[in-house]
Structures are given as structure tokens and as C-alpha cells.
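Count the sequence shown with this note's numbering and you get residues 598 to 960, in order.
Glycine included, each C-beta is placed from N, C-alpha and C at the ideal position.
Predicted model only: the values in this text are computed from it and were never measured.
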Amino acid sequence: MIDRRLFTHFDWAILSVIIALIAIGFASIYSATHAQMPSVYRKDVYWIGIGAAFMLFAIVLNYQYLERTAYFVYGASILLLISVFFIGSSFGGAQRWISLGFFSLQPSEFAKIALIITLARYFNQKMVPDSGLGIKDLIAPGLLMTLPFLLIAKQPDLGTGIVIWMIFWSMAFIVKIRTRVIAGLGALFAAMAPIGWMFLRDYQKARLTSFMSPEADPLGSGYHVMQSKIAIGSGGLLGKGFTDGTQGKLMFLPEHHTDFIFASYAEEWGLVGGLIVLGLFLALVVSGLNTAASSKDRFGFLMAFGITSMFFWQIAINLGMVMGLLPVVGVPLPFISYGGSFLITSMIAAGVLLNINMRRFIF
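Right under this line is the structure:
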């Protein structure tokens, strides 16, 4: 039976923010696809409905149960990632999806939530010295991150792999790492960068280098960024109006309903509309940090912080790449970009945040 006191602490304001972002996302997807790909926005209605059901479940279920099942959830996510290579379907040169007939599951999206839950349990149960974590202390949680990271990178999915990497280090830093360990790892990663470069595919290398000067190859590796900048810039102050954008409608802007949906949105709603979305995302991140700070236990704190860091890095990387400030690595925008698994995962994560927040006074 649900404790009625939970509703007195429910954060209706942040739920309103999430609903507003989902509504903006649906409107943007409709505008981007209603002319050439009407089936896309129709499917998005189903994803929103399914995501809402999962979010409600994530709100109602006491989040402390997640700590007990953390390693089971992690193991299930690893099995799904491995199964992609045997029964997964390919699209655009990447093998990331498992076809379930009516629905294509992307295990890498759910692996992010599984990693956050697992790291929250691990760090919650580990006694951290006052001086912080040392190299030996980082080996076990590092392996928990490395396994899904390698499986995701193999698909290949560089964007999700980077988000997995950033989630791990965000949670490790908040737990506390010794200063000299940070300096040593920084030097090690810098030295290993050339080796990592060798394992990237040609198109990934082109994406990483083209953001410095997309004009050098405007019809090749720099095309995405060039068209994205044109779309954002042409929106001006107030935009061209709903469904009146030309870059996406005329198919000049690639992935205008997924990774580059913010550029399509900014073209139609301008600077004012873009600032509204940024304000909503800021409210989401600040609320997530407040939820972490006010949580009643360490597990809740770590999980809320991990989810907030996931949202933050996805927002920062996506907006950075559509504006040409970061390389194009294929990271969608939470609640706004089209994608079934991505939207459902985002809504589950939001539900867990609301869950932690409303239980902060219930013992």
C-alpha cells in the first residue's frame, strides 16, 4: 500500500518540467517528420505512452529495492549487450538493436541506468578513506564500467560509450578521488589517446576532426555541423514558426528528428524558444542535484547524482555538437530527440529522481 505522505512531498514542479520537455519533443518531431515521414511522429505517441507507464512504475516502486537487485539488473544489461552481436539488427553500419517485432530494443540505452544503479550500490557499500579513492579502489568499479563501455563501443556507438564513461567518472569524483590519483590518471589517459585513436573507424575520426573546421569539407564530414549552424542561425530571434522550418523540411539537415532536433527546433522557434528549452533543462539538472543533496540515504544520493550527471552530459554533448562546439558523436537530446529506447530510458530515470525526492522524509 502506498503511503499517503508521499504525495505531500511529490515534486509537481519538476514533473511539469519533464512534461513540458516531452511536449516540446513531440511537437518538434511532428514538425520535422509530418510531411515526409508521418509514421515517425505516430510511433512517438506510443513511446510516450509506454515511457509514461514505466515512469509511473519507477515513481511508485520504492527505490531502495533497486539496491537489492543492482547486480541482477547489471548482469541482465550485459547479457542484452552481448546478444546484440548474435541476434541484433544493423542499420547505417551499426549493430545496436534487437528486433522484437513491434519494437526495436536498444540495450545500450538501458545499460546507462543499470550502470548507475550498480555503481550507486557499490560505492554505498564501500568504505571510502578520508583521503579519497586510490588506484586499487577504482579497479572494481572501473571494471563494472569498462565491460559495457567496450561492448557499446564495439557496436559501434561512440556517443553512448562516452556518456557511460562520463557517468562513471562523475560518480567517482563525487565519492572522492585522491588528488595525486587524478593527476596520474589524467597523464595516463593523455598518453593513451593516440592508441585509442587507432581503434576508431574512419568516419569517427572524420567526425572528431571536422568540428575544428567543418568548412574544409562542407559536403562530407563537415556537412552535419554546417547545416545545423545554418538552421540555428536562420531562426533569428523568434524563429520561422511552427512547421515552417526549411532546413529540416527540405531534408538539408541530416538526422533532423534525432541527434540534430535542437537545430530544427531553433530554426522554428528562434533564440527565445532555444532559451526556454535551456531553462527547462537547467531546472531539471538543478532539481536533480537538489534531490541528491536532500536524499535520506547514501544510495539515494549516489543514484540521483548519477542520473543527473547522465542528463547533464547528454544535454551538454548534444547541444555542443549541434552548435559546432564539440565533435558529432551521436548523442540524442533527452525527452526531445526521437527514439523509443532512449525516451523510455529517460522517463524511467526521471521517475527514479521523483521517487528519491518524494521519499526523502519517509523512513
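With DSSP as the reference, label A691 as helix, strand or coil. Here residue 691 is taken as the residue at index 94 of the sequence shown, counted from 1. The answer is strand: DSSP assigns A691 an E or B state.
Quick test of the definition: if touching needs 3 or more C-beta pairs under 8 angstroms, does the region 662 to 669 touch the region 686 to 697? They do not touch, by the three-pair rule.
Top-ranked residue by Cα proximity to F765, from I611, L922, F902, I933: In the sequence shown, residue 765 corresponds to position 168, counting from 1. The shortest Cα separation from F765 among I611, L922, F902, I933 belongs to F902.
Contacting residues, own chain, Cβ-Cβ under 6 angstroms from G871 (five flanking each side not counted): As a working mapping, residue 871 is identified with position 274 in the sequence shown. If we look at G871 and ignore the five residues flanking it on each side, its Cβ neighbours are A863.
Member of S674, Q703, L677 whose CA lies at the smallest distance from the CA of F688: Translated into the one-based positions of the sequence shown, residue 688 becomes position 91. The shortest Cα separation from F688 among S674, Q703, L677 belongs to Q703.
Return the CA-CA distance between D894 and F700, expressed in angstroms with no decimal places. Position 297 of the sequence shown, counted from the start, is the residue given in the question as residue 894. Position 103 of the sequence shown, counted from the start, is the residue given in the question as residue 700. Taking the straight line from one Cα to the other gives about 37 angstroms.
Quick one, which of S680, F607, S625, A610 has its alpha-carbon nearest V861's? The residue given as residue 861 occupies position 264 in the sequence shown. Note that residue 861 corresponds to Ser in the displayed sequence, not to Val. Nearest C-alpha to S861: S625.
Consider the Cβ of M907: report whether some Cβ of chain D lies at a distance smaller than 9 angstroms. The question asks about chain D, but that chain is absent: this structure has only one protein chain.
From the DSSP secondary-structure annotation, give me the bridge partner or partners of L663. The sequence position of residue 663 within the sequence shown is 66, counting from 1. DSSP links L663 through a beta bridge to no other residue.
Taking the CB atoms as reference points, tell me whether F857 and S825 lie closer together than 9 angstroms. If you number the sequence shown from 1, residue 857 lands on position 260. If you number the sequence shown from 1, residue 825 lands on position 228. It is a contact, given that the beta carbons lie within the stated cut-off.
Candidates S938, I873, L782: closest to W644 by CA position: Residue numbering aside, residue 644 sits at position 47 when the sequence shown is read from its first letter. Closest by alpha carbon: S938.
Which residues mark the beginning and the end of the alpha helix (DSSP H) in which V949 is found? Locating residue 949 in the sequence shown gives position 352, counting from the first residue. Segment 937 to 955, the alpha helix (DSSP H) holding V949.
Cutting at 7 angstroms between CB atoms, please list the residues of its own chain near S891, excluding the five before and the five after it. Residue mapping note: residue 891 aligns to position 294 of the sequence shown, counting from 1. Taking S891 as the centre and dropping the five residues before and after it, the same chain places the C-beta of R957 closer than 7 angstroms to its C-beta, in chain order.
The alpha helix (DSSP H) that contains Q911, what's its start and end? The count along the sequence shown starts at 1 and reaches residue 911 at position 314. Start and end: 895 to 919.
Which of helix, strand or coil does DSSP assign to L678? Sequence index remark: in the sequence shown, residue 678 carries index 81 (1-based). In this structure, L678 counts as helix in the three-state DSSP scheme.
Where does the unbroken alpha helix (DSSP H) through A629 begin, and where does it stop? Within the sequence shown, residue 629 is the residue found at index 32, counting from 1. Segment 609 to 630, the alpha helix (DSSP H) holding A629.
How would you write the range of the alpha helix (DSSP H) that H821 sits in, first residue to last? Against the sequence shown, residue 821 aligns to sequence position 224. Element bounds for H821: 820 to 831.
Over the uninterrupted alpha helix (DSSP H) stretch that includes F651, give me the two end residues. By one-based count along the sequence shown, residue 651 stands at place 54. First-last of the alpha helix (DSSP H) with F651: 635 to 657.
Minimum C-alpha distance to W866 - residue among I829, L741, M900: Walking along the sequence shown from the start, residue 866 turns up at place 269. With respect to the C-alpha of W866, the residue from I829, L741, M900 having the closest C-alpha is I829.
Going by C-alpha to C-alpha distance, which of R775, K751, D754, T757 sits closest to G731? In the sequence shown, counting from the first residue as 1, residue 731 sits at position 134. Just measuring C-alpha positions, the residue of R775, K751, D754, T757 sitting nearest G731 is R775.
Just confirm the distance between the C-beta atoms of G648 and I941, as a whole number of angstroms; I'd bet it's less than 8 angstroms. Taking the sequence shown and counting its residues from 1, one reaches residue 648 at position 51. Taking the sequence shown and counting its residues from 1, one reaches residue 941 at position 344. Confirmed, about 4 angstroms.
What distance in whole Å lies between the Cβ atoms of N952 and A655, which are believed to be in contact at a cut-off of 8 angstroms? In the sequence shown, residue 655 corresponds to position 58, counting from 1. In the sequence shown, residue 952 corresponds to position 355, counting from 1. About 6 angstroms separates the two Cβ atoms, so the contact holds.
F713 lies in the alpha helix (DSSP H); which residues open and close that run? For the purposes of this step, residue 713 is identified with residue 116 of the sequence shown, where counting begins at 1. Reading the sequence as shown, one finds Ile at residue 713 and not Phe. Counting along the chain, the alpha helix (DSSP H) containing I713 begins and ends at 704 to 722.
Check whether F821 and T630 have beta carbons under 9 angstroms apart: Working through the sequence shown from its first residue, we reach residue 821 at position 224. Working through the sequence shown from its first residue, we reach residue 630 at position 33. Correcting the residue type first, residue 821 is His in the shown sequence and not Phe. It is not a contact, given that the beta carbons lie outside the stated cut-off.
Under 8 angstroms Cβ to Cβ from F651, same chain only, skipping five residues before and after it: list those, please. The sequence position of residue 651 within the sequence shown is 54, counting from 1. Same-chain partners within the cutoff: I941, M944, I945, G948.
Using a Cβ-Cβ cutoff of less than 7 angstroms, which residues in the same chain neighbour L877 once the five nearest sequence positions on both sides are dropped? Here residue 877 is taken as the residue at index 280 of the sequence shown, counted from 1. Answer for L877: V614, A617, L618, listed in chain order.
Go to I749, then tell me how far its alpha helix (DSSP H) extends in each direction, as first and last residue. If you number the sequence shown from 1, residue 749 lands on position 152. Counted as a single uninterrupted DSSP element, the alpha helix (DSSP H) harbouring I749 occupies residues 732 to 751.
G756 beta carbon less than 9 angstroms from that of I611: Counted from its first residue, the sequence shown places residue 611 at position 14. Counted from its first residue, the sequence shown places residue 756 at position 159. No. Outside cutoff.
State the DSSP-derived secondary structure class of I933, mapped to helix, strand or coil. As a working note, residue 933 is residue 336 in the sequence shown. In the three-state reduction of the DSSP assignment, I933 falls in the coil class, being assigned neither a helical nor a strand state.
Does the beta-carbon of A787 have 16 or more other beta-carbons within 10 angstroms, so that it is buried, or is it exposed? Within the sequence shown, the letter at position 190 stands for residue 787. Exposed, because fewer than 16 other Cβ atoms sit within 10 Å of the Cβ of A787.
Pick helix, strand or coil for S728, following the three-state DSSP scheme. Within the sequence shown, the letter at position 131 stands for residue 728. S728 falls in the coil class under three-state DSSP.
Do you know how far the Cα of F839 is from the Cα of N721? Residue mapping note: residue 721 aligns to position 124 of the sequence shown, counting from 1. Residue mapping note: residue 839 aligns to position 242 of the sequence shown, counting from 1. The straight-line gap from Cα to Cα measures roughly 47 angstroms.
DSSP three-state call for S884: helix, strand or coil? Along the sequence shown, read from residue 1 onward, the residue named residue 884 stands at position 287. In this structure, S884 counts as helix in the three-state DSSP scheme.
Please name the residue in L835, V928, Q752, E852 whose C-alpha comes closest to that of F683. Residue mapping note: residue 683 aligns to position 86 of the sequence shown, counting from 1. The residue with the shortest Cα to Cα distance from F683 is Q752.
Cβ neighbour criterion (16 or more within 10 Å) applied to M724: Residue numbering aside, residue 724 sits at position 127 when the sequence shown is read from its first letter. M724 is classed as exposed because its beta carbon has fewer than 16 other beta carbons within 10 Å across all chains shown.
Give me the DSSP bridge partner(s) of I764. Translated into the one-based positions of the sequence shown, residue 764 becomes position 167. Note: I764 sits in no beta bridge, so no partner.
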